[in-house]
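Same order as they appear, the protein sequences are chains A and B. Note that my numbering has the first sequence beginning at 1, numbered continuously upward. Note that my numbering has the second sequence beginning at 1001, numbered continuously upward. Glycine residues also receive a C-beta, built at the ideal position from the N, C-alpha and C atoms.
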Amino acid sequence: DAGVIQSPRHEVTEMGQEVTLRCKPISGHDYLFWYRQTMMRGLELLIYFNNNVPIDDSGMPEDRFSAKMPNASFSTLKIQPSEPRDSAVYFCASSLSGGSNQPQHFGDGTRLSIL
Amino acid sequence: AQSVTQLGSHVSVSEGALVLLRCNYSSSVPPYLFWYVQYPNQGLQLLLKYTTGATLVKGINGFEAEFKKSETSFHLTKPSAHMSDAAEYFCAVSDSGGGADGLTFGKGTHLIIQP
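So this is what it looks like as structure tokens:
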């Protein structure tokens, strides 16, 4: 079975540019999560969706960050304009409905470097 | 609010020796607890989880963890370390209150296996 698919795997761009990260969750999963991983702060939840609707975006660092889920099989995380401090690994995860006891399945991440 | 503390950012053991990775949590409601493993350049994979019932939980690759409510702990163990166990390990907690909140992760423990 296909797992969570993220693209691109690596992204290097200059500050000020728009960056779009993409995620395809596991088919049938109702929840989708975006995380950011850095050495300093570890893994942080940015936002999560239930049935394509954003539920909690309190972890989104600034207005420069936005996330959408136009359908059950696709989500994007956009940074505009990007800054060097946004450099991190961004993970997407999905899980089945049924409450918070369901394990989350992670993609392999997008390693983002902002120069 | 929930939090997770993993004692020791790095743990080094000899091949064949006992592995013990420590995790303590705080939660205002009965927690759901998880251990994830991350290999280089990959996403997180679920090792095991505790939701309800038996407090000793067995996971993949010979790992197990015991939920001790009185100690607010969920330490991860493996009787005999293998070279392939070298990775980053994350303890995580979620809220059993019914909402599908994202996971709150510990900072991670890097497990080093000495030959």
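Counting only C-beta atoms, is residue i closer than 8 Å to chain B at any point?
i, result
"Gly109/A", "yes"
"Gln104/A", "yes"
"Phe65/A", "no"
"Leu77/A", "no"
"Phe74/A", "no"
Taking Cβ-Cβ distances shorter than 7 Å, what residues in chain A pair up with residue i?
i, result
"Ser1094/B", "Ser100"
"Leu1046/B", "Pro103"
Name the chain B residues whose beta carbon is nearer than 7 Å to that of residue i?
i, result
"Gly42/A", "Phe1105, Lys1107, Gly1108"
"Tyr48/A", "Gly1102"
Any beta-carbon of chain A closer than 8 Å to the one on residue i?
i, result
"Thr1072/B", "no"
"Leu1021/B", "no"
"Lys1049/B", "yes"
"Gln1042/B", "yes"
"Leu1076/B", "no"
"Tyr1032/B", "yes"
"Leu1056/B", "no"
"Phe1090/B", "yes"
Measure how close the beta-carbons of residue i and residue j come, nearest whole angstrom, since I'm counting them as under 8 Å.
i, j, result
"Ser87/A", "Leu46/A", "Contact doesn't hold; Cβ gap of about 15 Å is too wide."
"His104/A", "Ala93/A", "It should be noted that the sequence gives Gln, not His, for residue 104/A. With a Cβ gap of about 4 Å, Gln104/A and Ala93/A count as contacting."
"Ile1112/B", "His1010/B", "6 Å"
"Leu1047/B", "Phe1063/B", "5 Å"
"Thr20/A", "Lys78/A", "5 Å"
"Val1004/B", "Asp1085/B", "Not really, about 21 Å apart at Cβ, beyond 8 Å."
"Ser82/A", "Ile114/A", "5 Å"
"Leu1033/B", "Val1093/B", "6 Å"
"Gln1006/B", "Lys1107/B", "6 Å"
"His23/A", "Gly107/A", "Inspection of the sequence shows that residue 23/A is occupied by Cys rather than by His. Yes, Cys23/A and Gly107/A are in contact; Cβ-Cβ is about 6 Å, under 8 Å."
If you reduce the DSSP assignment to three classes, tell me which class residue i lands in.
i, result
"Arg85/A", "helix"
"Asp30/A", "coil"
"Met69/A", "strand"
"Asn1024/B", "strand"
"Asp57/A", "coil"
"Ser1084/B", "helix"
"Gly1062/B", "helix"
"Glu978/B", "No answer is possible for residue 978/B: the residues shown for chain B start at 1001 and end at 1115."
"Asp1095/B", "strand"
"Arg64/A", "coil"
"Ala1001/B", "coil"
"Val155/A", "Residue 155/A lies beyond the residue range present for chain A, which begins at 1 and ends at 115; the question has no answer from this structure."
"Val12/A", "strand"
"Ser75/A", "strand"
"Leu45/A", "strand"
Give the interface partners of residue i over in chain B, defined as CB-CB distance under 9 Å, in chain order.
i, result
"Leu45/A", "Asp1101, Gly1102, Leu1103, Thr1104, Phe1105"
(request) Report yes or no: do the region 1060–1070 of chain B and the region 5–13 of chain A share at least 3 C-beta pairs separated by less than 8 Å? (result) no
(message) Three or more C-beta pairs under 8 Å: does that hold for the region 1025–1044 of chain B against the region 1082–1092 of chain B?
(response) The region 1025–1044 of chain B makes contact with the region 1082–1092 of chain B: 3 or more CB pairs, one atom from each, lie closer than 8 Å.
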